[in-house]
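Before any comments, here is the structure.
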Amino acid sequence: MSKVIVIDHPLVQHKLSILRDRETGTKEFRELVEELAILLAYEVTRDLPLKETTVETPVATARVKTLAGKKLGVVPILRAGLGMVDGITRLLPAAKVGHIGLYRDPATLRPVDYYCKLPSDISERDIIIVDPMLATGGSAVAAINAIKRHGCRNIKLVCLIAAPEGIEAVRKEHDDVDIYLACVDEYLNDHGYIVPGLGDAGDRLFGTK
Ligand code: PRP
Ligand code: URA
25 MSKVIVIDHP LVQHKLSILR DRETGTKEFR ELVEELAILL AYEVTRDLPL
75 KETTVETPVA TARVKTLAGK KLGVVPILRA GLGMVDGITR LLPAAKVGHI
125 GLYRDPATLR PVDYYCKLPS DISERDIIIV DPMLATGGSA VAAINAIKRH
175 GCRNIKLVCL IAAPEGIEAV RKEHDDVDIY LACVDEYLND HGYIVPGLGD
225 AGDRLFGTK
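Position one of the sequence shown corresponds to residue 25 (the numbering used here), numbered consecutively onward.
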């Protein structure tokens, strides 16, 4: 069974609280999403393999460790996932970035796909999918399906806020995908919004409402 890792670091919880506040405007919202992505990236990369090597310091030869293993890719789910890309790639500058465009049909809450552009060598990379919100889980499951169709096997999902229903849906369909979160909220309301959540992440990030 996949792991669900809730990152309860004080900085994460503090920034998430400001993010939720309806009074937080677009500029601050954007900055907070990026900062939270950096903090989550630190935990998501905790198990990256290392190899031993040496480096000449001005004083002596040091035995050091550098990253080894497969290259990485970051895939935001459009639109709101875009807000997390800069934070993650700040820590992982060599990661390639793919994009998956999905929006939820407001009536059915099912994801509708409108865009997919992934790195050509994606099957050789370990992939981190980013999206601030995991609600019904439909969008995350569709994104994981698309990435697996391209031959990827090692995938992590990174969200800020999840509903229990969304976690359940992803684990049911993809029990090999670990899920990293800042918080698990209470439930989904009748419109598929996470309660208490933060509202519509895409609209708040891009100021479209
Ligand atoms: C939001 C969010 C997720 C999705 C989560 O995107 O960013 O992608 O909803 O809902 P789900 O788990 O029920 O699929 P939205 O569909 O609002 O599109 P947007 O980012 O373009 O606003
Ligand atoms: N998408 C959002 O942006 N917010 C929610 O609460 C649920 C889905």
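Cβ coordinates follow ideal geometry from the N, Cα and C atoms, glycine included.
Quick caveat, the model's predicted, so the values are computed rather than measured.
{"Check": "Cβ contact (3+ pairs, closer than 8 Å) linking the stretch 88-108 and the stretch 66-80", "Outcome": "yes"}
{"Check": "Completely contained alpha helix (DSSP H) runs for the stretch 27-97, where each covers 4 or more residues", "Outcome": "34-44, 50-68"}
{"Check": "Per DSSP, the bridge partner or partners of residue 125", "Outcome": "102, 139"}
{"Check": "Inter-residue Cα distance where the pair is residue 109 and residue 61", "Outcome": "8 Å"}
{"Check": "Reduced DSSP category for residue 177 - H, G, I as helix; E, B as strand; rest coil", "Outcome": "coil"}
{"Check": "C-alpha gap between residue 209 and residue 188, whole angstroms", "Outcome": "7 Å"}
{"Check": "For residue 196, the residue or residues it bridges with in DSSP", "Outcome": "BP columns for residue 196 are empty, so no partner."}
{"Check": "Neighbour-count burial assignment, residue 160, 16 or more Cβ in a 10 Å radius", "Outcome": "buried"}
{"Check": "Best match in 157, 125, 34, 117 for proximity to residue 194 [C-alpha to C-alpha]", "Outcome": "157"}
{"Check": "Near ligand 1: residue 206 beta-carbon under 8 Å from a heavy atom", "Outcome": "no"}
{"Check": "Secondary structure of residue 224, DSSP reduced to three states", "Outcome": "coil"}
{"Check": "Neighbourhood of residue 79 by C-beta distance below 6 Å, restricted to the same chain and skipping five residues each side", "Outcome": "86, 88"}
{"Check": "Meets three-Cβ-pair contact criterion under 8 Å: the stretch 95-104 and the stretch 133-153", "Outcome": "yes"}
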